[in-house]
Every structure is written in C-alpha cells, then in structure tokens.
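Engineer: Numbering (our numbering), first residue to last: -8 to 419.
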Ligand SMILES: [Zn+2]
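Quick look at the structure:
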C-alpha cells in the first residue's frame, strides 16, 4: 500500500523508537539450522524490534529473556499456496454455497479466523492464491495485517485468479441470469495484459492463472490430460506483463497440456502438478520453475470427489506421487503449499503437509526447507524469512520433540513469534 503523504517527521520518530527497542533474548535447548540441517545446542537468538540482531550463546545485558526450555527453535513456516477466503470446497455444492450465498462480510470474518489459525500453527508467511469470488478481499486483509488491525502471517496475495471464458465455475447456470464467477475472465493476449495491469493497480503481489481445469482424463501411459484453458501466446502475454512489473505468475496446472503450456510460457510456479512427465520436470528445473504440490488438499478431496462421480479422482494420488518423484529427480525446487481453504481451516493443520511430503520420499530436512528457505526464495524473501540469522525477520517457532526424526511434531508447535512479537505464548 502506498502512503504518498507519509510525514517525514513521523517516519524519523518511528526510526528513533525502533533504535530504542529493548532486546529480547530467546533461549531454547536446540535451534535447527535449516541450511545445514544440523542442530545448534543452547542457542540465544537476540531480537530487537522486528528483526533478529544476532544468533549466539550469550544474553545481552538488560535483555528480556524468553526461555523455551527443551524445545527446538525453527524459523517461522511459510505456506506458498492458501485461500484464506475459502473454507473447503471439495464438492460443487460446497463451492456454490460460498460463492452464491455467503455475504462478503461473512467470508471476510471467516478469513480473519483463518489468518489467526495459520499464525498460531506457526505459519508466519503465506502466499494466498486467489479469492474465489471475493474480489480483492485478500489485498484488504493483507493491509489490515500489516497495520496491526488483525493478527496474521505476512501475506503475498493474488486477488482474483485469471482464467478464460467458460473454463471456471460458476458455469452452466441460466444464461439469461448473471451469476458471480470464481475468477476474472480474460481472452486473448491484449485483454489479458489489461487484466494484469488492472489487478496490479488494485494492489496485488502475484498473478495466478488456471492453466487447465475441467475434463481430466487418464492417458494410455498413466498420466492425466485435459483441454488447456489458454494458448501459449495468452499466457506469455500475462507473464511478460507481470514480469515487467516485477510480479511473478503462478499456474494452477494439473494436466499434461496445462503443465506443458504454462512451462513453455515461462510461469514462475506450477501449482498442484498432478501430471508432470520427466521431460516436463527437466524443463522446470532448467527454467527455475518451482512446484508447489499441495498434497494435503489432494488427499482431502480425492475420496470425496471420487464419491461425487469424478472418474479419475481415485487414480490421481498415485499419478501425483509419480510426478513429484519426477520433479525431485530432475532437481525442481519444491515449495511447501497446502491449498488450505480447499480443505476447512478449522479441521486440518497446514503442517500435515510435512507428513505427506515425507511419505512421498522427501527427507525431513528437505520437507522443512520446502516451508522455509525454498518457499522464502519463491516469495522473494530469501535471507529475510525461512532462516534464523542476523537481519532476518524475527519470525520464530518452537516445538517440543525432534522434527528431524518425526515431522509430525510440526503440528504441535506451541510458541510463535512474528516480527518480534510473541503471537502465541507458551502453554501454562
Ligand atoms: Zn488453490
């Protein structure tokens, strides 16, 4: 958000206050250095204001001490794929109810709850990838968090996703009535450039497109395909316009054609990636395109959608597992993403994703890096988030147990600091 009338005297006063902030010394039995994968014993992390001043072994004179006992200290976690304005949409009726019946204020109220839940579970950063018919509510919520009006993670937001005519719900309702739609529609290169410009003008940080949506079918060789929503030229127009504004593009892509066209057009991340052949994975690695696999939502919706009549949904988990393996083998960067909101925020802790990642072959430290250093790189926070080091954001979490032995303990985070403020105190 821009504040062209920000008073210089006020800014100077704020800086003075910052310099006078007293230090907080955070102690724990161990600190996980996510870069090396090694534990550091008896660390003291000195926090001043909203950043980390030093990481060492001694408490500076006059510092307020927070002793976390035998817990392990980690950087705050980052979920690179969420929907704060959605509360579970495994089936079409669930989606229709939220889009057609819920008042915007109701959706915002539930989003405020989602932000609090995420933060208390240790997610101090999130990329929220589209509002599903809730306009630019995510931009407003991001700004409210930044102003300290409501608690929540640091947010990168996309506003409404972009898709093409007829490719995204709500479709096939009475043509003589107007219904809301879960995306912003654009067709053709120039109209899509205009749509990107418009979104950026409303304050978004990312662009999201739906590279493919309906019509998934199994291929003869065990992947899935569907008609793509876009031509390569249309996505190239979106990407070039966004990149000209230093904004990145994520592509929901679950089928061969969707993945292939999105990669060719130069998007920055592939979301879900159910069907990624070895050749596509190699191209992603070569171009530095991240994969956010969203295994938690995949597990949540597979059975429900199969029961609702989706023919390929029961097969998708094993195809998805194969695609993730292809990406890891090729060296694609895997960014932690859950698609929270695709499942209810109140039912599943986002940290469940760590367990799915490990179940599909990632080592515990690889899984932890996906939600720290790798996700931070994707979101442009490298060196600031996802690490515990001098000058990084003072975003810290603590957990009882050993996450390198059992990543499921990351669902039991019981102390959280964001920007130097304790947002979840230790249990009594
Ligand atoms: Zn999503």
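We put the beta carbon where it would ideally sit given N, CA and C, even for glycine.
Values in this document were obtained by computation on a predicted structure and should not be read as measured data.
(1) Across which residues does DSSP place residue 203 in a beta bridge pair?
(2) Could you tell me which residues DSSP puts in a beta bridge with residue 334?
(3) Apart from the five residues just before and just after residue 201, which ones in its own chain have a Cβ nearer than 7 Å to its Cβ?
(4) Assuming residue 143 contacts residue 193 (C-beta within less than 8 Å), just tell me the rounded distance between them.
(5) When the cut-off is 9 Å and only beta carbons count, does residue 183 lie next to chain C?
(6) Would you say the beta carbon of residue 74 is closer than 8 Å to some non-hydrogen atom of ligand 1?
(7) Alpha carbon to alpha carbon, what distance is there between residue 36 and residue 251?
(8) Am I right that residue 369 and residue 281 are in contact with their C-beta atoms under 8 Å? What's the rounded C-beta distance?
(9) What residue from 115, 31, 95 and 26 has the CA that sits closest to residue 70's CA?
(10) In angstroms with no decimal places, state the Cα-to-Cα distance between residue 146 and residue 286.
(11) Start and end of the alpha helix (DSSP H) containing residue 311?
(12) Select from 172, 347 and 336 the residue whose C-alpha is nearest the C-alpha of residue 79.
(13) With DSSP as the reference, please indicate the residues paired to residue 263 in a beta bridge.
(14) Compute the minimum distance between the beta carbon of residue 120 and the heavy atoms of ligand 1, and state whether it is under 8 Å.
(15) On a CA-only basis, which of 41, 27 and 58 is nearest residue 34? Give me that one, please.
(16) Taking the C-alpha atoms as reference points, what is the distance between residue 315 and residue 28?
(17) Can you tell me which of the three DSSP states residue 117 falls into?
(18) Leaving out the 5 sequence neighbours to the left and right, which residues in its chain are closer than 6 Å to residue 247 when beta-carbon positions are compared?
(19) Just confirm the distance between the C-beta atoms of residue 326 and residue 361, as a whole number of angstroms; I'd bet it's less than 8 Å.
(20) Residues in the same chain with beta-carbon distance under 8 Å from residue 343, minus the five sequence neighbours each way, listed in chain order, please.
(21) Return the residue from the list 259, 91, 297 and 211 that minimises the CA-CA distance to residue 171.
(22) May I ask you to list the residues that DSSP assigns as paired with residue 47?
(23) Return the CA-CA distance between residue 400 and residue 17, expressed in angstroms with no decimal places.
(24) What number of angstroms, rounded off, separates the C-alpha of residue 228 from the C-alpha of residue 19?
(25) Look at the alpha carbon of residue 392 and the alpha carbon of residue 419, and state the distance between them as a whole number of angstroms.
(26) Is any heavy atom of ligand 1 found at a distance shorter than 8 Å from the C-beta of residue 222?
(27) Give me the residue from 333, 82, 317 and 22 with the minimum Cα distance to residue 72.
(28) Use the C-beta contact count for residue 169: other C-beta atoms within 10 angstroms, 16 or more gives buried, fewer gives exposed.
(29) Within the continuous alpha helix (DSSP H) that includes residue 129, where are the two ends?
(30) Does DSSP classify residue 92 as helix, strand or coil?
(31) Quickly, what does DSSP pair residue 197 with across the bridge? List them, please.
(32) For the pair the region 43 to 50 and the region 378 to 387, tell me if three or more CB-CB distances fall below 8 Å.
(33) Taking the continuous beta strand (DSSP E) assigned at residue 66, which residues delimit it?
(34) Determine the DSSP secondary structure at residue 4, reduced to helix, strand or coil.
(35) So, is residue 298 buried or exposed, given that buried needs 16 or more other C-beta atoms within 10 angstroms?
(36) Kindly indicate which three-state DSSP category residue 275 falls into: helix, strand or coil?
Structural biologist: By the coordinates alone:
(1) Along the chain shown, one-based indexing puts residue 203 at 212. Residue pairing from DSSP places residue 203 in a beta bridge opposite 219.
(2) The residue given as residue 334 occupies position 343 in the chain shown. Answer by DSSP bridge pairing, in chain order: 331.
(3) Counting from one through the chain shown, the residue named residue 201 turns up at place 210. So the list reads 152, 154, 158, 159, 174, 220 and 243, once near-sequence residues are dropped.
(4) The residue you call residue 143 lines up with position 152 of the chain shown. The residue you call residue 193 lines up with position 202 of the chain shown. Rounded, the Cβ-Cβ distance is 19 Å, inconsistent with contact.
(5) The displayed structure is made up of one protein chain only, and chain C is not part of it.
(6) In the chain shown, counting from the first residue as 1, residue 74 sits at position 83. The beta carbon of residue 74 sits closer than 8 Å to at least one heavy atom of ligand 1.
(7) Your numbering for residue 251 matches position 260 in the chain shown. Your numbering for residue 36 matches position 45 in the chain shown. Cα-Cα distance, rounded: 45 Å.
(8) Against the chain shown, residue 369 aligns to sequence position 378. Against the chain shown, residue 281 aligns to sequence position 290. Going by Cβ atoms, the distance from residue 369 to residue 281 rounds to 5 Å, so yes, they are a contact pair.
(9) Here residue 70 is taken as the residue at index 79 of the chain shown, counted from 1. Comparing Cα-Cα distances from residue 70 to each of 115, 31, 95 and 26, the minimum goes to 115.
(10) Counting from one through the chain shown, the residue named residue 146 turns up at place 155. Counting from one through the chain shown, the residue named residue 286 turns up at place 295. Going by the C-alpha atoms only, they are around 21 Å apart.
(11) As a first step, residue 311 is located in the chain shown; it is residue number 320 there, counting from the start. Counting along the chain, residue 311 sits inside the alpha helix (DSSP H) bounded by residues 307 to 321.
(12) Position 88 of the chain shown, counted from the start, is the residue given in the question as residue 79. That would be 336, whose Cα lies nearest to the Cα of residue 79.
(13) Numbered from its first residue, the chain shown carries residue 263 at position 272. Per DSSP, 244.
(14) For this step, residue 120 is matched to residue 129 along the chain shown. Within the cutoff, so yes.
(15) Taking the first residue of the chain shown as position 1, residue 34 is located at position 43. The option with the nearest alpha carbon to residue 34 is 58.
(16) Numbered from its first residue, the chain shown carries residue 315 at position 324. Numbered from its first residue, the chain shown carries residue 28 at position 37. Approximately 22 Å between the Cα atoms of the pair.
(17) Translated into the one-based positions of the chain shown, residue 117 becomes position 126. Here residue 117 sits in strand by DSSP.
(18) Position 256 of the chain shown, counted from the first residue, corresponds to residue 247. The residues 214, 216 and 266, in chain order, have a CB closer than 6 Å to that of residue 247 in the same chain once the five nearest residues on each side in sequence are set aside.
(19) Taking the first residue of the chain shown as position 1, residue 326 is located at position 335. Taking the first residue of the chain shown as position 1, residue 361 is located at position 370. 6 Å between Cβ atoms; contact.
(20) As a position in the chain shown, residue 343 is number 352, starting the count at 1. Within the same chain, Cβ atoms closer than 8 Å to the Cβ of residue 343 are found at 287, 329 and 402, the five residues on either side in sequence being excluded.
(21) Along the chain shown, read from residue 1 onward, the residue named residue 171 stands at position 180. Among 259, 91, 297 and 211, the Cα nearest to that of residue 171 belongs to 91.
(22) Position 56 of the chain shown, counted from the first residue, corresponds to residue 47. Beta-bridge pairing links residue 47 to 35.
(23) Here residue 400 refers to the residue found at position 409 of the chain shown. Here residue 17 refers to the residue found at position 26 of the chain shown. Cα to Cα, residue 400 sits roughly 20 Å from residue 17.
(24) Taking the first residue of the chain shown as position 1, residue 228 is located at position 237. Taking the first residue of the chain shown as position 1, residue 19 is located at position 28. Their Cα atoms are separated by approximately 50 Å.
(25) Looking up residue 392 in the chain shown gives position 401. Looking up residue 419 in the chain shown gives position 428. Our two residues, residue 392 and residue 419, have alpha carbons roughly 18 Å apart in a direct line.
(26) Numbered from 1 along the chain shown, position 231 holds the residue referred to as residue 222. Not so, every heavy atom of ligand 1 lies at least 8 Å from the Cβ.
(27) What you label residue 72 is simply residue 81 of the chain shown in a count that begins at 1. That would be 333, whose Cα lies nearest to the Cα of residue 72.
(28) In the chain shown, counting from the first residue as 1, residue 169 sits at position 178. Counting of Cβ neighbours within 10 angstroms places residue 169 among the exposed residues, the total staying below 16.
(29) For the purposes of this step, residue 129 is identified with residue 138 of the chain shown, where counting begins at 1. Note, residue 129: alpha helix (DSSP H), 128 to 137.
(30) One-based indexing of the chain shown puts residue 92 at position 101. Looking at residue 92 - three-state DSSP - the assignment turns out to be helix.
(31) For the purposes of this step, residue 197 is identified with residue 206 of the chain shown, where counting begins at 1. Bridge partners of residue 197: 239.
(32) Yes: at least three Cβ pairs fall under 8 Å.
(33) As a working note, residue 66 is residue 75 in the chain shown. Start and end: 63 to 66.
(34) Taking the first residue of the chain shown as position 1, residue 4 is located at position 13. In this prediction, residue 4 has a pLDDT of 42, which is less than 50 and means its spatial position is unreliable; what the coordinates show is noted afterwards. In this structure, residue 4 counts as helix in the three-state DSSP scheme.
(35) Numbered from 1 along the chain shown, position 307 holds the residue referred to as residue 298. It counts as exposed.
(36) The residue you call residue 275 lines up with position 284 of the chain shown. Under the three-state reduction of DSSP, residue 275 is assigned to helix.
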